[in-house]
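**Q** Okay, handing you the structure first.
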Amino acid sequence: MSELSAGTDAPIEPQVAAVPYISYEEFGRRFLEYAASPERIAGAFEKLTGEAFAFGPIGAGPGKIAKLSATVRLGQPRLKREVDETISFDLVIPLQVDLLIDLAVDRYPFRVDGTIHLHLTVRTAEPLCVLIEIAEPQPSNVRINVASATRRGELLRILASVDHEIRRFVSRYIATEIAKPNIQAATVIDVAARLDAAWKL
Numbered sequence: 030m031s032e033l034s035a036g037t038d039a040p041i042e043p044q045v046a047a048v049p050y051i052s053y054e055e056f057g058r059r060f061l062e063y064a065a066s067p068e069r070i071a072g073a074f075e076k077l078t079g080e081a082f083a084f085g086p087i088g089a090g091p092g093k094i095a096k097l098s099a100t101v102r103l104g105q106p107r108l109k110r111e112v113d114e115t116i117s118f119d120l121v122i123p124l125q126v127d128l129l130i131d132l133a134v135d136r137y138p139f140r141v142d143g144t145i146h147l148h149l150t151v152r153t154a155e156p157l158c159v160l161i162e163i164a165e166p167q168p169s170n171v172r173i174n175v176a177s178a179t180r181r182g183e184l185l186r187i188l189a190s191v192d193h194e195i196r197r198f199v200s201r202y203i204a205t206e207i208a209k210p211n212i213q214a215a216t217v218i219d220v221a222a223r224l225d226a227a228w229k230l
């Protein structure tokens with residue numbers, strides 16, 4: 030009986046599962062890919078979704094005889110991540126434009142569909158930061174399809190440099206928006222500060 034009791038009271042060694050180790054380099058890479066996840070990056074640009082802005086009237090064409098005005102609406106951004114030596118993203122923002130060319134004696138409406146293409150690159154910086162670098166938008170990053178119901182409208186589109194003006198104003202607007210504090214704050218991950226805040230005893 031005593032032998033049975035002795036066997037029952039013997040300490041049981043805990044079974045510890047083996048933890049697979051990874052290198053510091055692999056850890057750093059995985060951390061970067063997690064910190065710069067598509068969901069996190071897309072969230073920084075959510076505010077732009079559904080935004081609308083207007084420009085004009087501005088003079089265009091020979092002698093600035095035509096007056097252009099437009100309302101631009103931005104759609105839901107699409108994001109594609111590329112993981113190579115560097116981690117980067119291609120951000121595509123759909124847009125719709127209601128454009129009006131006013132010649133004083135007549136008005137010509139246009140419907141414009143297109144996209145804005147932005148390139149983002151993940152960087153690391155001292156002392157311990159992850160940065161999302163956004164290439165400054167240029168008119169060439171705006172791709173549009175301008176539709177007119179008449180040949181006269183198409184001619185006016187060319188004479189008034191409609192495509193160029195739309196690209197110029199849209200790229201300028203996006204550049205202004207991504208420079209705002211709320212988006213800039215989302216492009217900087219201060220790892221050291223967050224660890225210090227989370228690891229207080």
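Sequence positions in the sequence shown follow the working numbering and run 30 to 230.
Note that beta-carbon positions come from the ideal geometry of N, C-alpha and C, so glycine has one too.
All values reported here derive from a predicted model rather than from experimental measurement.
Rank Ile203, Ser177, Arg140 by C-alpha distance to the C-alpha of Leu77 and give the top, closest one.
**A** If you number the sequence shown from 1, residue 77 lands on position 48. It is Ile203 whose Cα lies nearest to the Cα of Leu77.
**Q** For Pro168 and Ile187, what's the separation of their Cα atoms in angstroms?
**A** Position 139 of the sequence shown, counted from the first residue, corresponds to residue 168. Position 158 of the sequence shown, counted from the first residue, corresponds to residue 187. If you take the alpha carbons of Pro168 and Ile187, they lie about 17 Å apart.
**Q** Kindly indicate which three-state DSSP category Val134 falls into: helix, strand or coil?
**A** Reading the sequence shown from its first residue, position 105 is the one you call residue 134. Coil at Val134, not helix or strand.
**Q** Just curious, the alpha helix (DSSP H) that Val191 is in, first and last residue?
**A** Here residue 191 refers to the residue found at position 162 of the sequence shown. 191-207 is the extent of the alpha helix (DSSP H) around Val191.
**Q** Here's a check: name, in chain order, each residue in its chain whose Cβ is nearer than 6 Å to the Cβ of Glu183, leaving out the five neighbours to either side.
**A** One-based indexing of the sequence shown puts residue 183 at position 154. Closer than 6 Å at Cβ, skipping near neighbours: Ser177.
**Q** How long is the line joining the alpha carbons of Gly72 and Arg180, rounded to whole angstroms?
**A** On the sequence shown, position 43 is the one that residue 72 refers to. On the sequence shown, position 151 is the one that residue 180 refers to. Between Gly72 and Arg180, the C-alpha separation is close to 43 Å.
**Q** Distance check for Val48 and Ile122, CA to CA, integer angstroms please.
**A** As a working note, residue 122 is residue 93 in the sequence shown. As a working note, residue 48 is residue 19 in the sequence shown. Between Ile122 and Val48, the C-alpha separation is close to 43 Å.
**Q** Is Gln105 helix, strand or coil when you go by DSSP?
**A** Here residue 105 corresponds to residue number 76 of the sequence shown, with the count starting at 1. Of the three classes helix, strand and coil, the one that applies to Gln105 here is coil, per DSSP.
**Q** Near Glu54, what residues of its chain come up, given a Cβ to Cβ distance below 7 Å and the 5 sequence neighbours on each side ignored?
**A** On the sequence shown, residue 54 is found 25 positions in, with the first residue counted as 1. No residues qualify anywhere along the chain.
**Q** Between Ser98 and Pro86, is the Cβ-Cβ spacing less than 8 Å?
**A** As a working note, residue 98 is residue 69 in the sequence shown. As a working note, residue 86 is residue 57 in the sequence shown. The answer is yes: Cβ separation under 8 Å.
**Q** Taking 6 Å as the limit between beta carbons, can you name the residues of its chain near Thr216, skipping five residues before and five after?
**A** Here residue 216 corresponds to residue number 187 of the sequence shown, with the count starting at 1. If we look at Thr216 and ignore the five residues flanking it on each side, its Cβ neighbours are Ile161.
**Q** Which residue wins for smallest C-alpha separation from Cys158, given the options Ala65, Tyr50, Ser52?
**A** Sequence index remark: in the sequence shown, residue 158 carries index 129 (1-based). Among Ala65, Tyr50, Ser52, the Cα nearest to that of Cys158 is on Ala65.
**Q** Looking only at its own chain, which residues have a Cβ that is under 7 Å from the Cβ of Val175, when we skip the five neighbours before and after it?
**A** If you number the sequence shown from 1, residue 175 lands on position 146. Counting only Cβ-Cβ distances below 7 Å, and skipping sequence neighbours, we find Phe139, Val141, Arg186, Val191, Asp192.
**Q** Can you tell me whether DSSP reads Ala95 as helix, strand or coil?
**A** As a first step, residue 95 is located in the sequence shown; it is residue number 66 there, counting from the start. In the structure shown, Ala95 sits in a strand (DSSP, three-state: E or B).
**Q** Flag this pair as touching only if the stretch 109-125 and the stretch 142-150 have three or more C-beta atom pairs under 8 Å; answer yes or no.
**A** Yes, they touch.
**Q** Spatial neighbours of Val199 within its chain, please: C-beta separation below 7 Å, excluding the five flanking residues on both sides.
**A** If you number the sequence shown from 1, residue 199 lands on position 170. So the qualifying residues of the chain are Val101, Leu124, Ile145, Val171.
**Q** Since Val217 is in the beta strand (DSSP E), which residue starts that stretch and which ends it?
**A** One-based indexing of the sequence shown puts residue 217 at position 188. First-last of the beta strand (DSSP E) with Val217: 217-219.
**Q** Excluding sequence positions up to five away, which residues of its chain have a Cβ less than 7 Å from the Cβ of Leu120?
**A** On the sequence shown, position 91 is the one that residue 120 refers to. Excluding residues within five positions, the ones whose Cβ falls inside 7 Å are Phe74, Pro106, Leu108, Leu147, Leu149.
**Q** Quick check: the Cα distance between Trp228 and Ile207, rounded to an integer number of angstroms?
**A** If you number the sequence shown from 1, residue 228 lands on position 199. If you number the sequence shown from 1, residue 207 lands on position 178. C-alpha separation (whole angstroms): 32 Å.
**Q** Quick one: grab the DSSP three-state call for Phe74.
**A** Locating residue 74 in the sequence shown gives position 45, counting from the first residue. Residue state, collapsed to three classes: coil.
**Q** State the CB to CB distance for the pair Leu132 and Ala89, rounded to an integer number of angstroms; the pair is presumed to be in contact (CB under 8 Å).
**A** Here residue 132 refers to the residue found at position 103 when the sequence shown is read from its first residue. Here residue 89 refers to the residue found at position 60 when the sequence shown is read from its first residue. That belief does not hold up - the Cβ atoms of Leu132 and Ala89 are roughly 11 Å apart, past 8 Å.
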